[in-house]
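J.:
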Amino acid sequence: MKIRVGVVGCGAHAQTVHIPIFSQSNQFDLIAICDSDHRKLELVGEKYGIKKRYDDFQKLIGDDEIDAVVIVTPDYLHQPMAMAALEYKKHVLSEKPMARNLKEAKELARFAKKCQTVFALGLNERFRPEVQEIKRLIENGDLGRLNYLKAGWLNNWQDWQMSDWHRSRVAAGAFSSLGVHLLELTLWFLDEDPVSISGWVHKREDNIEDIAIAQLRFPEGLVNIEVGWSLLMEKDFLYCNIFASRGAVLLNPFKIHRIVRGKMVDATPKLKIRDSYLSSFRIQANFFANAINKKGEFPFCWSDGLKIAAITDAFYSSVATGREVDLS
13 MKIRVGVVGC GAHAQTVHIP IFSQSNQFDL IAICDSDHRK LELVGEKYGI KKRYDDFQKL
73 IGDDEIDAVV IVTPDYLHQP MAMAALEYKK HVLSEKPMAR NLKEAKELAR FAKKCQTVFA
133 LGLNERFRPE VQEIKRLIEN GDLGRLNYLK AGWLNNWQDW QMSDWHRSRV AAGAFSSLGV
193 HLLELTLWFL DEDPVSISGW VHKREDNIED IAIAQLRFPE GLVNIEVGWS LLMEKDFLYC
253 NIFASRGAVL LNPFKIHRIV RGKMVDATPK LKIRDSYLSS FRIQANFFAN AINKKGEFPF
313 CWSDGLKIAA ITDAFYSSVA TGREVDLS
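Take the position in the sequence shown, starting the count at 1, then add 12; the result is the number in my numbering.
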């Protein structure tokens, strides 16, 4: 029997990945959607043949026919909606970040631990085939010691000008909205806790935080993260570069170089990565279904969200004081 699911939020991200993937899944039956925008709700409902269309989140989670909820709303709604859905005994897959700050994250973590239902944190980047390959190389020791990681997500100004969707996501700032995607990825690669963080942000004339830069020190390495919402660039640029003692990795475009017998060689495997972004969400949905059906645990949950929230809080503390913040 399929898992009956409802998607909360019908914005661009939900329409691009979550709604198409859950509507096509052989493990889920997408029976409901929810959004405060009635026009959007009707358009999406008609397109995918979804009869239950709620403009009130409380009514969706109060629907006894719904087994699971996928939360794809602005960041500030993730934590309260996840807690409410869990209270109604729904399985929850929430987009990151888990909460706006560490206090909220701890509240959700305490509650999720008590619940019998699944709480899954959507860290889809970790399911991408090229990211899985990088993780495998790191765990096998093929790259040696990780010395320096540099990651960035820089959006061009035209995207900002053309879409109001960006504005709904930036209330918490560029680092909270974009930086956490890169933060969770670098934390997964390094698999250790940072000892300190330094942060800097730039705000536009309208007080929107549009650029953020973080530097994280680890026991034996360094990570730099840079993100921007509305930069004067020709096109968006997303990257993650890893420099290790016996090799180097570029995530976009995907490239691996290793030292073999004293020479640097191209060790990039042939992977099907053309649609790796979408496939990561499909794999994530499968893991969510398996966790609900008790066929295995979802690999990422509230503990990952707590770590991200703690580091994010420390980042903004560094921004406020102009000083490096100790995380040890």
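No residue lacks a Cβ here, since even glycine has one placed at the ideal position from N, Cα and C.
Owing to the predicted nature of the structure, the values given are computational and were not obtained by experimental measurement.
According to DSSP, is M174 helix, strand or coil?
T.: Numbered from 1 along the sequence shown, position 162 holds the residue referred to as residue 174. Since pLDDT at M174 reaches only 43, below the 50 mark, its modelled position is unreliable, and the value read off the structure follows with that caveat. DSSP places M174 in helix when its eight states are reduced to three.
J.: Three or more beta-carbon pairs under 8 Å between the region 282–289 and the region 136–156, yes or no?
T.: yes
J.: Pair every Cβ in the region 276–283 with every Cβ in the region 18–25, then say whether three or more of these pairs are closer than 8 Å.
T.: no
J.: Decide if Y328 is buried, meaning its Cβ has at least 16 other Cβ atoms within 10 Å, or exposed.
T.: Along the sequence shown, one-based indexing puts residue 328 at 316. Its Cβ being crowded by 16 or more others within 10 Å, Y328 is buried.
J.: For I62, which residues from the same chain have a beta carbon less than 8 Å from its beta carbon, with the 5 sequence-adjacent residues on both sides left out?
T.: Taking the sequence shown and counting its residues from 1, one reaches residue 62 at position 50. Within the same chain, I62 has close Cβ partners S35, L42, I43, A44, I45 and V56.
J.: Taking DSSP's pairing of strands, which residues face F300 in a bridge?
T.: Locating residue 300 in the sequence shown gives position 288, counting from the first residue. F300 is not bridged to any residue.
J.: Using CA coordinates, which residue listed in S48, R112, L161 and K14 is at the minimum distance from W7?
T.: As displayed, the chain neither begins before 13 nor continues past 340, which places residue 7 out of reach and without an answer.
J.: If I follow the unbroken beta strand (DSSP E) through N168, where does it start and stop?
T.: Numbered from its first residue, the sequence shown carries residue 168 at position 156. Per DSSP, N168 belongs to the beta strand (DSSP E) from L158 to N168.
J.: Does the structure place the region 231–250 close enough to the region 194–213 that three or more beta carbon pairs sit under 8 Å?
T.: Touching, yes.
J.: Contact between the region 254–271 and the region 236–245: three or more CB pairs below 8 Å?
T.: Contact between the region 254–271 and the region 236–245 is absent, because fewer than three Cβ pairs lie under 8 Å.
J.: Leaving aside the five residues before and after L135 along the sequence, list all residues of the same chain whose C-beta is less than 7 Å from its C-beta, in chain order.
T.: Counted from its first residue, the sequence shown places residue 135 at position 123. If we look at L135 and ignore the five residues flanking it on each side, its Cβ neighbours are K108, E196, F312 and D316.
J.: How would you call E238, buried or exposed, if buried means at least 16 neighbouring beta carbons within 10 angstroms?
T.: Position 226 of the sequence shown, counting from 1, holds the residue named residue 238. By the neighbour-count rule (16 or more Cβ atoms within 10 Å), E238 is buried.
J.: Within 10 Å of its beta-carbon, does T333 have 16 or more other beta-carbons around it, so buried, or fewer, so exposed?
T.: Here residue 333 is taken as the residue at index 321 of the sequence shown, counted from 1. So T333 counts as exposed.
J.: Kindly list the residues whose CB is nearer than 6 Å to the CB of I146, restricted to its own chain and excluding five residues on each side of it in sequence; keep chain order.
T.: For the purposes of this step, residue 146 is taken as residue 134 along the sequence shown, with counting starting at 1. Answer for I146: V261, listed in chain order.
J.: What's the call for H30, buried or exposed, on a 16-neighbour Cβ count within 10 Å?
T.: The residue labelled residue 30 in the question sits at position 18 within the sequence shown. It is buried - the Cβ of H30 has at least 16 other Cβ atoms within 10 Å.
J.: Tell me whether the beta-carbon of S188 lies closer than 8 Å to the beta-carbon of D79.
T.: For this step, residue 188 is matched to residue 176 along the sequence shown. For this step, residue 79 is matched to residue 67 along the sequence shown. No.
J.: Residue range of the beta strand (DSSP E) that D278 falls in?
T.: Along the sequence shown, one-based indexing puts residue 278 at 266. It spans K275 to D278 - the beta strand (DSSP E) in which D278 sits, taken as one unbroken run.
J.: Tell me, to the nearest whole angstrom, how far the beta carbon of L158 is from that of A256; I am working on the premise that it is less than 8 Å.
T.: Numbered from 1 along the sequence shown, position 146 holds the residue referred to as residue 158. Numbered from 1 along the sequence shown, position 244 holds the residue referred to as residue 256. That belief holds up - the Cβ atoms of L158 and A256 are roughly 5 Å apart, short of 8 Å.
J.: Could you name the residues that DSSP lists as bridge partners for A24?
T.: If you number the sequence shown from 1, residue 24 lands on position 12. For A24, DSSP assigns no beta-bridge partner whatsoever.
J.: Between A321 and A117, is the Cβ-Cβ spacing less than 8 Å?
T.: What you label residue 321 is simply residue 309 of the sequence shown in a count that begins at 1. What you label residue 117 is simply residue 105 of the sequence shown in a count that begins at 1. Their beta carbons are under 8 Å apart, which means A321 touches A117 by this criterion.
J.: Within the same chain, show all residues whose beta-carbon is closer than 7 Å to that of N168, passing over the 5 residues directly before and after it, in chain order.
T.: Residue mapping note: residue 168 aligns to position 156 of the sequence shown, counting from 1. Within the same chain, N168 has close Cβ partners L243, M245, E246, K247 and D248.
J.: Excluding the five sequence neighbours on either side, which residues of its own chain have a C-beta within less than 7 Å of the C-beta of R335, listed in chain order?
T.: One-based indexing of the sequence shown puts residue 335 at position 323. Sequence-distant partners of R335 (beyond 5 residues in either direction) whose C-beta falls short of 7 Å from its own C-beta are missing from its chain.
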